[in-house]
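Chains as they are written, first to last, in our numbering: chain A, 1 to 465; chain B, 1 to 166. Glycine is no exception: its CB is placed at the ideal position from the N, C-alpha and C atoms. What you are looking at is a predicted structure, and each value in this text was computed from that prediction instead of being measured. Step one of this worksheet: look at the structure below.
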Amino acid sequence: MSEAAYIGPEEPKRRLHPLTPLLESVRLLVAVVLASSWQMFVRESITAAVVLAVGAGLVGAAGGFLSWLYTGYRVHAGELQITEGVLVRRSRTLALERLQGIEVAQPLRARLFGLAQLRIEVAGANETEAPLSYLRLDEAQALRERLLALSVRERAAEPAESDKDGDVDGGEETEAAVEAAPIATVPTGRLAGSTVLEVLPPAVVMLGVFIGGLAVVDRVLGGMGVEARLGMFALLPVLFAIGATLVQMIGTVLRNWGFTLQRVDGRLRIERGLTEKHSNVVPLERVTAVSVQVPLLWRMFGWRRVEVSTASIAQGAEGMVRGANLLPVGPRAQAHLVADTALPGIAWEQVPDSLARPPRRARWRVPFTWRVRGAGLGEQVFAVRYGLVRTTTVAVPYARIQEVEVTQGPLQRLQSLATVRAKIAGSVAHDAIALHRDAAEAVAIAAELRERADAAVALERPRLF
Amino acid sequence: MKPHPVWEQWPTELDWQPMAPDLRTVRLLAMSLRFAILFVVLAVPLMIWLGPVGLLVDLAVVTALAAFRSWVIVRAVRAWGFAEREKDLLVKHGLLRRELNIVPYGRIQLVDLKAGPLERAFDLTTVQVRTAALGAVTEIPGLHPQVAAGLRDRLAARAAEVREGL
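Rendered as structure tokens:
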């Protein structure tokens, strides 16, 4: 299917791929198979099972077909419009100027047929947008390029900017264009090793505590003369915990398999995945904060993780409110390079030195992390560090600060302490929080953040937020 | 060393605007309603447990809680305030947990006026200011409708000014 060369006044609605209802109904199919085999087991008659299966299948197919027929998308007037629903018509519009990032994801069942989902992240949404499933892979990629090009056009003040980023006809250009050398890749060995080091120790510790607790209880009860077979109780949770940990580790490795980060024009492109392939594009100017994380045991190797936040709510297939992973694991130099690409001009080596700890009297409030905690006003960013098991340093450029908040709980007031919080666009989980500073210092930081934010914003092109 | 609330340490002098005194009444009435419901809810289990004395215990407990809460509300309402500076809006509130919100004009995305039934009965409005930081609303309750409308218009005008100035 050829794309239109320009956005005409009325663009026809496009349909999703016809195999969509089949893929969506895989789960239904599994449930039906289970139900019918249960029927077969109970009634011991094959006819009932077959009838049930066929009946459910027909109903599912009809429903799926209808919903496919009535679902359409089109790009119109700087928005992506998606209409769906048979009985209750729903139309969602995604304003392209608020675009934060687009991911082309290929879950396993879609990959078998060469199809893909488009996951679009928009600022100011109240919930995650449901992905556009399923399109042909090349269609999905072309649509992504087109939406990205349009999103720049919608925001551009100068015409030069939009010309540089490509014209409207998405299909032919950027895929073939700048195939830059990857900024960072993650070898599988390092990925596996780092995942094990991060996930295993907490699991082992918890398991140890659990078993230890059981042993103590057993001993106590034995002392009282009660013969309790606690070993039996322990077995199931332990197996479950081991299983869950293994699944988590394998899942992480599969998700980030073959991780590659590239920079294409003004965008970051992240490709990863083995069974499920993901290709995520984040426009550089949508980056609102960068965080560098060091889990405890990674320090032996000097490994770090780099994440960025944009203004969208939930990112990633996990659905958790975490930033987009720019580098799941990498050595220090590589991590600094990646962070520098996302937010140019920050001297990451000097950031730890610029951070000041909370005052001594706050130590009893955060005994374990007091030594690690720090906050500092750098040249271009407000940097905050926290966390013991996973030490995280968050840097927020002054221009990206939305609101500043200073709070003081009752205990803090007695000690003349306060907390400063720099809020950024998107979910509150990404804010930079400097906990338990001296009250006067906190207020001074807040005032300084405001001044620097105003100065930084004045240097920028006007933008939505 | 007497503990001072955070906003008293702000570098420059601020002109804090207070809330309308009727806000106190509104909050107290809302609180009484909630405690009346609590009284009713607790009455049955306490009576079953303690017999007719339970009702008296219920009354005593609820009255004590209500008295404490009223004292908190009266002082909390006095602690609310807002100040319009040159480039941003400051809102302070809170009694036990003090909070100072600083919202730059250029970042304001949405200004809403809200009034519940009790508030309307006393001719009060709440102004809600939202930025692109989701999940964080800066609220200024207990304003007279004209004051609220004036504030909203000023905020909108200043927001547009700052954006164009860039």
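Handout entry: Segment limits, beta strand (DSSP E) that includes D438/A
Key = 432–438
Problem - Best match in G387/A, V104/A, A241/A for proximity to L137/A [C-alpha to C-alpha] - result: V104/A
Practice task
Could you have a look at L449/A and say whether DSSP puts it in helix, strand or coil?
Solution key: helix
Handout entry: Min CB distance V410/A to chain B below 8 Å
Key = The sequence given here has Pro at residue 410/A, not Val. Closer than 8 Å: yes.
Problem - Residues, ordered as in the chain, of the region 262–294 of chain A that lie near chain B by beta-carbon distance below 8 Å - result: none
Exercise for the section: Note the first and the last residue of the continuous beta strand (DSSP E) segment covering E84/B. Expected result: 81–84
Problem - Residues of its chain near Y398/A, where Cβ-Cβ distance is below 6 Å and the 5 sequence neighbours each way are ignored - result: R452, A453, A456
Practice task
Compare the C-beta of E405/A against all C-beta atoms of chain B and say whether one is closer than 8 Å.
Solution key: yes
Exercise for the section: Check whether the Cβ atoms of R442/A and V384/A sit closer than 8 Å, and answer yes or no. Expected result: Reading off the sequence, residue 442/A comes out as Ala, not Arg. In this structure, V384/A does not lie closer than 8 Å to A442/A by Cβ.
Problem - Closer than 8 Å to chain B by CB, V443/A - result: yes
Practice task
In angstroms with no decimal places, state the Cα-to-Cα distance between F122/B and Q146/B.
Solution key: Approximately 14 Å between the Cα atoms of the pair.
Practice task
Measure the beta-carbon distance from L435/A to P358/A and round it to whole angstroms, keeping in mind my assumption that it falls under 8 Å.
Solution key: 7 Å
Handout entry: Three-state secondary structure (DSSP) of Y70/A
Key = coil
Practice task
List in chain order: all unbroken beta strand (DSSP E) runs of 3+ residues lying wholly within the region 309–364 of chain A.
Solution key: 324–331
Handout entry: Member of W68/A, F41/A, L297/A whose CA lies at the smallest distance from the CA of T391/A
Key = L297/A
Practice task
State yes or no: is the C-beta of V75/A within less than 8 Å of the C-beta of L16/A?
Solution key: no
Handout entry: G150/B, DSSP secondary structure in three states
Key = Annotated three-state conformation of G150/B is helix, per DSSP.
Handout entry: Between the CA atoms of V290/A and I211/A - distance to the nearest angstrom
Key = 39 Å
Exercise for the section: Label V91/B either buried or exposed according to how many other C-beta atoms from any shown protein chain fall within 10 Å of its C-beta, with 16 as the threshold for buried. Expected result: buried
Handout entry: Where K13/A meets chain B, residues with beta-carbon distance less than 8 Å
Key = Under the 8 Å cutoff, chain B gives no residues; its nearest Cβ is about 31 Å from K13/A.
Problem - Segment contact flag, the region 362–372 of chain A with the region 59–66 of chain B, C-beta cutoff 8 Å, min 3 pairs - result: Under the three-pair Cβ rule at 8 Å, the region 362–372 of chain A does not count as touching the region 59–66 of chain B.
Practice task
Using a Cβ-Cβ cut-off of 8 Å, state whether L134/B counts as contacting chain A.
Solution key: yes
Exercise for the section: Could you tell me which chain A residues have their CB closer than 9 Å to the CB of I102/B, listed as they occur along the chain? Expected result: E403, V404, E405, V406, A446, A447, L449, R450
Exercise for the section: Output the boundary residues of the alpha helix (DSSP H) element that contains I183/A. Expected result: Counting along the chain, I183/A falls outside any alpha helix (DSSP H), and DSSP gives it neither H nor E.
Handout entry: Buried/exposed call for F382/A, threshold 16 Cβ in 10 Å
Key = buried
Practice task
Determine which residues share a DSSP beta bridge with T126/B and list them.
Solution key: Beta-bridge pairing links T126/B to K114/B.
Practice task
Report the option in Q415/A, P410/A, R400/A whose CA atom is closest to the CA atom of E460/A.
Solution key: R400/A
Practice task
Return the residue from the list S354/A, Q408/A, R437/A, L326/A that minimises the CA-CA distance to S518/A.
Solution key: With chain A represented from 1 up to 465, any question about residue 518/A goes unanswered, as that position is not in the structure.
Practice task
State the start and end residues of the unbroken alpha helix (DSSP H) segment that holds G208/A.
Solution key: 188–223
Practice task
Could you tell me whether the Cβ atoms of L52/A and A35/A are closer together than 8 Å?
Solution key: Taking 8 Å as the cut-off, the beta carbon of L52/A is found closer than this to the beta carbon of A35/A.
Problem - Close-in-space but distant-in-sequence residues of the same chain around K277/A (CB under 6 Å, 5 per side omitted) - result: Q106
Handout entry: Rounded Cβ spacing between R437/A and I445/A (contact assumed at less than 8 Å)
Key = Their Cβ separation, rounded to whole angstroms, is 7 Å, which keeps R437/A and I445/A in contact under 8 Å.
Practice task
Identify the contact partners of I424/A in chain B, using a Cβ-Cβ distance below 7 Å as the criterion.
Solution key: A133
Handout entry: Beta carbon proximity, R97/B to chain A, threshold 8 Å
Key = Interface criterion met: the Cβ of R97/B is under 8 Å from a Cβ in chain A.
Handout entry: Nearest-angstrom Cα separation, counted from E99/B out to F82/B
Key = 12 Å
Handout entry: the region 2–14 of chain B touching the region 34–51 of chain B, judged by at least three CB pairs closer than 8 Å
Key = no
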